[in-house]
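Here's the structure we're looking at; comments come further down.
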Amino acid sequence: MLRSFIGLLLAAAVVPCANAAQSYDNCTGVITTLPATISTQGTWCLKSNLSTAITTGNAITVATNNVTIDCNDYKLGGLPAGDATNAVGIFSADKLNTTVRRCGIRGFSYGILLSGANNAGTLIEDNRFDQNTYRAIEIHGGGHVIQRNRIVDTGGRPNSGSTVAIQVTGSESQVNDNLISGLMVTNAGGLVVGINATGGTSEISRNMVTGLVPNQGPSRGITVGNSKASTIRSNVLLSGSLLMGYGVNASAGNVCSENKIIGYNWAFVGGCTNGGNNSSRK
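So this is what it looks like as structure tokens:
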């Protein structure tokens, strides 16, 4: 919903870009301290690495529609809060057209959490996530694109029963060209999942998932569960040691093709329609 006023809630020190350098000419403003709340539509940029020790709440809250956060390859850090943090790197609820690009997001419980069934049109691209303790990316709603992200060393939250790199619960989304490396869980018997995309009518393609480290529990490379009409194509799921879990879990209403799966006890479960050229070995 378009806002009729220009405002910035000051939990965020955000300053105008009136005299910005050329590379920042498209910035509506610059985020200079954390925590920050953005309530003005436009492109909000980082010009330096930022860090916070908050253990609850959000480093950046997106409070309006049509917001782009461009970190320009700078870091958004929460490591000072420790592994037990409940803080979120970037958060919004029921917002449209949120974009996050070129951010290094590390040390939060959730790297990005965009909640609410009305959340739509999200673009998450070209980011690096590392040392987030529970979820690197979790997005609700539908019509999202998550592409070309590197997600490294996720997990470590105390007393956690699961760790997921990318979780998308909405339909009509794309999860493509992401690298996921290193997932661990603290509780014995806990679950580790590379990509959990359960909304249906989606594409999960050309992702690489490796380095899943369950704690005596199951592993899932990619799961779409009982959702329908998704394609799971050209993904590479690798483990150097045999995992007690499955590479792809997808029902017969989905199509799996050209996937390469190594090191899972079960390559495919759920009856996914074979679109051809899948290969697997333990």
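Under the working numbering, the first residue of the sequence shown carries the number 4, and numbering increases by one thereafter.
All residues carry an ideal CB built from backbone N, CA and C; glycine is no exception.
DSSP state of residue i, grouped into three classes?
| i | result |
| --- | --- |
| L82 | helix |
| Y137 | coil |
| S26 | helix |
| A62 | strand |
| R236 | strand |
| R131 | strand |
| L37 | coil |
| S54 | strand |
| S165 | strand |
| A123 | strand |
| T157 | strand |
Can you name the residues that DSSP bridges to residue i?
| i | result |
| --- | --- |
| N252 | T226, V272 |
| N277 | C259 |
| Q170 | E141, N199 |
| N179 | Q150, S208 |
| Y113 | V91, R138 |
| R284 | I265 |
| L215 | L186 |
| D73 | C48, R104 |
| A96 | S118 |
| L245 | Paired residue(s): none; L245 is not in a bridge. |
| T31 | None, per the DSSP bridge assignment. |
In or out: residue i buried (at least 16 other Cβ within 10 Å) or exposed?
| i | result |
| --- | --- |
| T276 | exposed |
| A24 | Residue placement at A24 cannot be trusted, given a pLDDT of 39 that sits under 50; what the coordinates show is reported in the next sentence. Exposed: under 16 other Cβ atoms inside 10 Å. |
| L116 | buried |
| D1 | The question about residue 1 has no answer, for the chain in this structure spans 4 to 285. |
| T59 | exposed |
| S230 | buried |
| G243 | exposed |
| A90 | buried |
| G114 | buried |
| G274 | exposed |
| N281 | buried |
| G224 | buried |
Rounding to the nearest angstrom, what Cα-Cα distance links residue i and residue j in this structure?
| i | j | result |
| --- | --- | --- |
| D76 | S283 | 36 Å |
| F271 | S237 | 14 Å |
| T88 | G278 | 43 Å |
| Q44 | N122 | 16 Å |
| A120 | V178 | 18 Å |
| K263 | N210 | 11 Å |
| P217 | L53 | 32 Å |
| G248 | Y267 | 6 Å |
| Q219 | A66 | 41 Å |
| S176 | G146 | 5 Å |
| L241 | R131 | 20 Å |
| N257 | G228 | 10 Å |
| A200 | S112 | 19 Å |
| A168 | G32 | 30 Å |
| T204 | G124 | 15 Å |
| D97 | A39 | 18 Å |
| T35 | N252 | 43 Å |
| A56 | A84 | 5 Å |
| S163 | G80 | 21 Å |
| C106 | S254 | 34 Å |
| G144 | S95 | 12 Å |
| I108 | G192 | 28 Å |
Could you tell me if the beta carbon of residue i falls within a distance shorter than 8 Å of some heavy atom in the ligand NAP?
| i | result |
| --- | --- |
| N75 | Of ligands this structure carries none, so the ligand NAP is not represented either. |
Using a Cβ-Cβ cut-off of 9 Å, state whether residue i counts as contacting chain D.
| i | result |
| --- | --- |
| A87 | Here chain D cannot be found, since the structure has a single protein chain. |
Legend entry - the segment 150–162 / the segment 187–204 touching (three or more Cβ pairs under 8 Å): yes
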